[in-house]
Structures are given as C-alpha cells and as structure tokens.
Amino acid sequence: MNRLKRYLPVAVRVALGGIFIYAALPKIADPVSFAGTVASYQILPYFWSYFIAAVLPFLELICGALLLSGYRVRAGALIVAAMNALFMVALASLIVRRLDIDCGCFGGSKTSPWLALARDVVFLAMAGAVLRFEAKRNPPPAATT
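One gets the working numbering by counting positions in the sequence shown from 1 and adding 3 to each.
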C-alpha cells in the first residue's frame, strides 16, 4: 500500500502528460484539418477556428511536457483541467444540438461526442488528482502577519 501511495501520483501525472502530448501531435502536423474540425463545432466565428487550431495544440503539448517532466506541475494540471472543462462544454453543446461530428481530439478514427465527453471526465478527474497530489506534496507557504 505504501508503494501505491508513492507511485500512483507520478503514474497519473505522467499518463496525463503523455495523453496530452499524444493528442497534440496530429493537430500540430495538420493544423488545417484541425481548424476544419474546430469549425464543425459551429461555436466560434470562422477566423477563430484557425486561431484555436494554431494555438491549442501547442498549449496541449506544453502542458503535457510540464506534467511529464514534473516541472511546474500545478500550472500544467490547472491548464489541462481548464481545457478539459471547455472541451466538455463544447461536447455537451454538440450533444444538445444533435451534431454527430468527430471531436478532433486525437486524429484518426471518428469518436462520438458521448464517448469523448466520458473520456474528458476521466481526464478532468486525473488533472484534479494531480492537483490534489501536488497540494499535499508541496503545500503553499503560510502567510505571515
């Protein structure tokens, strides 16, 4: 049990970092296709689809690298949690509007919005766990009065 407490936080952090790096690479390789996927959500004006397609994959890559490396873990996990919350809102929007498009999460095969939403719930829980583990490991300094 002691080993589990010791290695589980690292395993969750490294897995989440690897997932986000893996998700970023196909988007970086084909930003035009990813911009089309972002546009198919029909949430943002067309110009913003290209802006999001240019910025989001690099943000995912940087956050994944932070989590994987163990440097600035709280910042990486907090941004990953925020991104997942936004992804979940966008996916819920697809479900409510009954749009059956590929989420554009990992490239490759089509993923239903319901499956992508369930997966993002797991990723959000992982980011929350990383934040909780980090808070226990490195508590913020106490304020002096």
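Idealized CB from N, CA, C, for every residue including glycine.
Original post:
Taking the continuous alpha helix (DSSP H) assigned at residue 123, which residues delimit it?
Top reply: First-last of the alpha helix (DSSP H) with residue 123: 116–140.
Subject >> Touching by the beta-carbon criterion (3+ pairs, under 8 Å), the region 57–65 and the region 18–36 >> reply: yes
Original post:
Looking at C-beta atoms only, is the number of pairs between the region 78–87 and the region 95–110 that lie closer than 8 Å three or more?
Top reply: no
Original post:
By the 10 Å Cβ neighbour count, where 16 or more other Cβ atoms means buried, how is residue 83 classified, buried or exposed?
Top reply: Counting Cβ neighbours within 10 Å, residue 83 comes out buried, since at least 16 surround it.
Original post:
In three-state terms, what does DSSP make of residue 98?
Top reply: helix
**OP:** Taking only the alpha-carbon atoms, compute the straight-line gap between residue 50 and residue 126 and give it to the nearest angstrom.
**Re:** Taking the straight line from one Cα to the other gives about 28 Å.
**OP:** Indicate the three-state DSSP secondary structure (helix, strand or coil) for residue 86 in the structure shown.
**Re:** helix
**OP:** Determine the extent of the alpha helix (DSSP H) in which residue 23 is found, giving its start and end residues.
**Re:** Judged by DSSP secondary structure, residue 23 falls within the alpha helix (DSSP H) whose first and last residues are 5–32.
Original post:
Among residues of its own chain, excluding the 5 on either side of residue 129, which ones have a beta-carbon nearer than 6 Å to its beta-carbon?
Top reply: 15, 19
**OP:** Compute the distance between the beta-carbons of residue 73 and residue 23, then report whether it is under 8 Å.
**Re:** no
Original post:
Alpha carbon to alpha carbon, how far is residue 112 from residue 144?
Top reply: 46 Å
Original post:
Among 124, 4, 12, which residue has its Cα nearest to the Cα of residue 135?
Top reply: 12
**OP:** Report yes if the CB atom of residue 53 is closer than 8 Å to the CB atom of residue 32, and no otherwise.
**Re:** no
**OP:** Alpha carbon to alpha carbon, how far is residue 102 from residue 45? Give it in angstroms, no decimals.
**Re:** In this structure, the CA atom of residue 45 is about 10 Å from the CA atom of residue 102.
Original post:
Which one of 5, 4, 17 has the shortest CA to CA distance from residue 132?
Top reply: 17
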